[in-house]
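Here the sequence shown stands for residues 133 to 324, numbered as in the numbering used here. Where is the CB? At the ideal position from N, CA and C, for every residue including glycine. Computed from a predicted model, the values in this text were never measured in an experiment.
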Amino acid sequence: MGGTFDPPHLGHVAAAKAVLERLSLSRLLLVVANDPWQKSGTRPVSPAEDRFALTEALAAEVPGAEASRIEIDRGGPSYSVDTAEEILAREGGDHPVELYLVVGADLVPELGTWHRPEDLRRLVTLAVVSRPVPGTTPAVPEGWRVEWIDGPQVPISSSEVRRRLARGVPVDDQVPKSVIRCIERRGLYAVL
Ligand code: ATP
Ligand code: MG
Numbered sequence: 133m134g135g136t137f138d139p140p141h142l143g144h145v146a147a148a149k150a151v152l153e154r155l156s157l158s159r160l161l162l163v164v165a166n167d168p169w170q171k172s173g174t175r176p177v178s179p180a181e182d183r184f185a186l187t188e189a190l191a192a193e194v195p196g197a198e199a200s201r202i203e204i205d206r207g208g209p210s211y212s213v214d215t216a217e218e219i220l221a222r223e224g225g226d227h228p229v230e231l232y233l234v235v236g237a238d239l240v241p242e243l244g245t246w247h248r249p250e251d252l253r254r255l256v257t258l259a260v261v262s263r264p265v266p267g268t269t270p271a272v273p274e275g276w277r278v279e280w281i282d283g284p285q286v287p288i289s290s291s292e293v294r295r296r297l298a299r300g301v302p303v304d305d306q307v308p309k310s311v312i313r314c315i316e317r318r319g320l321y322a323v324l
C-alpha cells in the first residue's frame with residue numbers, strides 16, 4: 133500500500149485492516165513515497181523522513197502492517213513499478229511471492245498515467261479498497277488482475293486533516309493519538 137501519508141490517518145488504518153483480513157496477507161507494507169511526483173508539482177509535500185516517522189506510528193496501530201523505507205532509500209521520484217520489481221527480486225527466491233498493490237478506489241481512474249503501467253500490471257494484483265468518492269464506482273481497469281475490497285468507507289483524507297490542522301481544528305476523530313503526538317513533536321502542519 134503506497135502513499136504520501138501526509139499525514140497518515142484512520143482511513144489508512146481502516147483500509148489496511150480490511151485488506152489484511154480479506155486477502156489473508158502475511159505482510160502489509162505501508163510504502164512511504166519519497167517523491168510523490170504526481171503531487172509534488174502541485175502542492176508542498178512534507179519531508180519524507182517526517183512522513184515516514186508518522187507512518188511508523190500508524191503502522192504500530194495495525195497488527196501485520198509495517199512502514200517501508202524502500203522508496204525513500206531508492207530516492208528520486210517514486211514509481212510503484214520500481215518498488216514492485218525491487219520487492220519481487222528481494223522476496224522471490226525459491227518461494228514465489230504473490231504481490232498485491234493496494235490502492236483506494238479514487239486512484240483507479242489514474243492508473244494509466246502511472247510510470248510503465250503495462251509492466252506494473254504484469255507484476256501485481258490490484259487490491260482496490262472502496263472509498264467514499266464523488267461520482268460512480270470506477271470501472272475495472274483494462275488488463276489488470278483486480279480484487280475489490282469493500283472497506284468501511286471512512287470519509288477521511290490527508291488533505292482534510294491538513295486543512296483542519298492549519299486552522300487549529302482538532303483531528304482526534306481522524307488521526308490516531310500516537311500519530312498526533314508525533315505531528316506535534318515534529319511541529320508539522322501548524323500555522324506558524
Ligand atoms: P491526499 O488527500 O493528500 O490525497 P490521501 O488521504 O488520499 O491524501 P494518500 O497517502 O494519498 O492519502 O493515500 C495512500 C493510499 O491510501 C491511496 O491508495 C489512497 O487511495 C488510500 N486511502 C487514503 N485514504 C483512504 C480512505 N479513507 N479509505 C480508503 N483508502 C484510502
Ligand atoms: Mg489522495
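Answer yes or no: the CB of G275 versus the heavy atoms of ligand 1, is any distance below 6 Å?
-> Working through the sequence shown from its first residue, we reach residue 275 at position 143. G275: no, Cβ never under 6 Å from ligand 1.
DSSP on T257, reduced to helix/strand/coil?
-> Within the sequence shown, the letter at position 125 stands for residue 257. The answer is strand: DSSP assigns T257 an E or B state.
Starting from R277, follow the beta strand (DSSP E) in both directions and report where the run begins and ends.
-> Here residue 277 refers to the residue found at position 145 when the sequence shown is read from its first residue. Where R277 is concerned, the enclosing beta strand (DSSP E) stretches over R277 to I281.
Find out if the Cβ-Cβ distance for the pair V311, P140 is shorter than 7 Å.
-> Stepping through the sequence shown from its first residue, residue 311 is reached at position 179. Stepping through the sequence shown from its first residue, residue 140 is reached at position 8. Contact flag set, yes.
Exposure of S158, with buried meaning 16 or more beta-carbon neighbours within 10 Å | Position 26 of the sequence shown, counted from the start, is the residue given in the question as residue 158. Exposed: under 16 other Cβ atoms inside 10 Å.
May I have a chain-ordered list of the alpha helix (DSSP H) segments no shorter than 4 residues that lie completely inside the region 152 to 202?
-> 169 to 172 and 180 to 191
For K171 versus V164, is the C-beta spacing smaller than 7 Å?
-> Here residue 171 is taken as the residue at index 39 of the sequence shown, counted from 1. Here residue 164 is taken as the residue at index 32 of the sequence shown, counted from 1. Not a contact, by the Cβ cut-off of 7 Å.
Any idea if P308 is buried or exposed, counting beta-carbon neighbours within 10 angstroms, 16 or more meaning buried?
-> What you label residue 308 is simply residue 176 of the sequence shown in a count that begins at 1. By the 10 Å Cβ count, P308 comes out buried.
Could you say if the region 248 to 259 and the region 217 to 237 meet the contact criterion of at least three C-beta pairs nearer than 8 Å?
-> yes
Compare the C-alpha of E274 against each of I281, P249, R295 and D305 and name the closest.
-> Against the sequence shown, residue 274 aligns to sequence position 142. Residue P249 is the option with its Cα nearest to E274.
Which one or two residues does DSSP pair with L233 in a beta bridge?
-> Walking along the sequence shown from the start, residue 233 turns up at place 101. L258, per the DSSP bridge assignment.
Are the CB atoms of A189 and I204 nearer to each other than 7 Å?
-> Position 57 of the sequence shown, counted from the first residue, corresponds to residue 189. Position 72 of the sequence shown, counted from the first residue, corresponds to residue 204. Against a cut-off of 7 Å, the Cβ pair of I204 and A189 comes out as no contact.
Going by DSSP, name the residue or residues bridged to G135.
-> Position 3 of the sequence shown holds residue 135. DSSP lists V164 as partners of G135.
Cα-Cα, which of G143, F184 and L152 is closest to S289?
-> Here residue 289 refers to the residue found at position 157 when the sequence shown is read from its first residue. Closest option to S289, Cα to Cα, is G143.
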